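Everything below concerns the one structure shown next.
There are 2 protein chains.
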Amino acid sequence: MAAIQRHRATRQRAAILDLLQEAESFLSAQQMHDALRAKGMKVGLTTVYRNLQLMTELEEVDHVRREDGESMYRRCDSGEHHHHLVCRACGYTVELANDQLETWAKALARKHRFSQVTHDLE
Amino acid sequence: MAAIQRHRATRQRAAILDLLQEAESFLSAQQMHDALRAKGMKVGLTTVYRNLQLMTELEEVDHVRREDGESMYRRCDSGEHHHHLVCRACGYTVELANDQLETWAKALARKHRFSQVTHDLE
DNA sequence: CACCTAGTTGCAAATGGTTTCCATTTGCGA
DNA sequence: TCGCAAATGGAAACCATTTGCAACTAGGTG
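From first to last, the protein sequence lines are chains A and B.
For what it's worth, my numbering labels the leading residue of the first sequence as 5, then goes sequentially.
For what it's worth, my numbering labels the leading residue of the second sequence as 5, then goes sequentially.
Laid out in structure tokens, this is it:
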């Protein structure tokens with residue numbers, strides 16, 4: 005949001021980004037924290053949360069909520085608007101770039117007199 | 005879950021259901037609690053949560069999560085699978101019964117070799 | 001109608017994810 | 001090398017939701 009913002013390159017931030025880079029599915033903040041500690045890195049849970057929040061704002065990672073309300077994060081390949089297909093069993097995820105849905109959503113919104121439609125689909 | 009379960013008709017349960025009946029949009033457990041107290045009714049917050057949980061299991065109410073993770077509940081007209089169109093400003097909601105989406109979702113799932121697809125769309 | 005008992009209630013305390021406080025550390029431009 | 005704002009992290013605060021438990025009650029039974 006901030007017009008000009010300087011972000012430093014810290015060991016912790018790099019570690020979190022690396023972890024997300026390797027991950028093949030969504031991870032929760034706590035899972036990342038555990039994984040980092042397991043690797044022997046000293047990173048505070050608070051720091052993980054703060055960086056994920058920052059990266060989400062910068063749109064470097066995607067953020068979705070599980071059914072139980074826990075936040076899950078994932079580094080996305082494209083910076084564009086898209087959806088995910090998530091396996092409930094193993095968490096395997098497929099990214100979707102779907103114009104059809106967009107078109108459909110807009111038409112639907114018009115029909116019901118809504119505007120500025122955004123949507124979530126998992 | 006229990007095969008045979010007897011549910012009593014209590015003052016509190018009726019009040020919660022009434023409130024949902026009148027509501028024109030989603031309500032959080034806390035909002036309901038406040039509303040009931042405002043009406044002069046003595047209902048414990050715990051009771052509100054427990055009844056909402058029960059009603060959700062019995063599929064008498066729908067349950068969705070707001071962006072911030074808070075649970076919102078609404079009594080639905082139809083007991084069938086459907087989606088909602090929610091106004092981000094006022095909370096006004098439209099229920100959708102959409103076969104097209106279902107079909108699309110299934111085709112998409114097949115394409116990516118998923119099965120037993122469920123989805124959320126708001 | 002009085003009784004029984006499992007469903008129900010509600011306060012307090014516990015949970016669990018996430019955020020805030022604040023003192024200390026650390027990038028990094030000058 | 002200096003200086004300082006950004007960043008860190010452990011503890012405490014937050015807040016929605018859940019659980020423990022003793023008291024209460026709807027509603028079927030004798």
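Beta carbons are placed, not taken as given, at the ideal position from N, Cα and C, and that holds for glycine.
Everything numeric in this text was worked out from a predicted model, so none of it was measured.
Measure the Cβ-Cβ separation of residue i and residue j and say whether it is below 8 angstroms.
| i | j | result |
| --- | --- | --- |
| B:LEU24 | B:ARG79 | yes |
| B:LEU31 | B:MET76 | yes |
| A:ALA19 | A:VAL65 | no |
| A:HIS37 | A:LEU49 | yes |
| A:ARG69 | B:GLY44 | no |
Please list the partners that residue i has in chain B, where partner means a Cβ-to-Cβ separation under 7 angstroms.
| i | result |
| --- | --- |
| A:ARG69 | ARG69, GLY73 |
Between which residues of its own chain and residue i is the CB-CB distance below 7 angstroms, once the five residues before and five after are set aside?
| i | result |
| --- | --- |
| A:GLN35 | none |
| A:VAL52 | ILE20, ALA33, MET36, HIS37 |
| A:ALA7 | Residue placement at A:ALA7 is poorly supported in this model, since its pLDDT is 41, which falls under 50; the coordinates are not used for a value here. |
| B:ARG17 | ASN55 |
Considering only DSSP beta bridges, list what residue i is partnered with.
| i | result |
| --- | --- |
| B:HIS67 | B:TYR77 |
| A:LEU31 | A:TYR77 |
So, at 6 angstroms on beta carbons, what are the nonlocal neighbours of residue i in its own chain, with the 5 sequence-adjacent residues on each side left out?
| i | result |
| --- | --- |
| A:THR60 | HIS67 |
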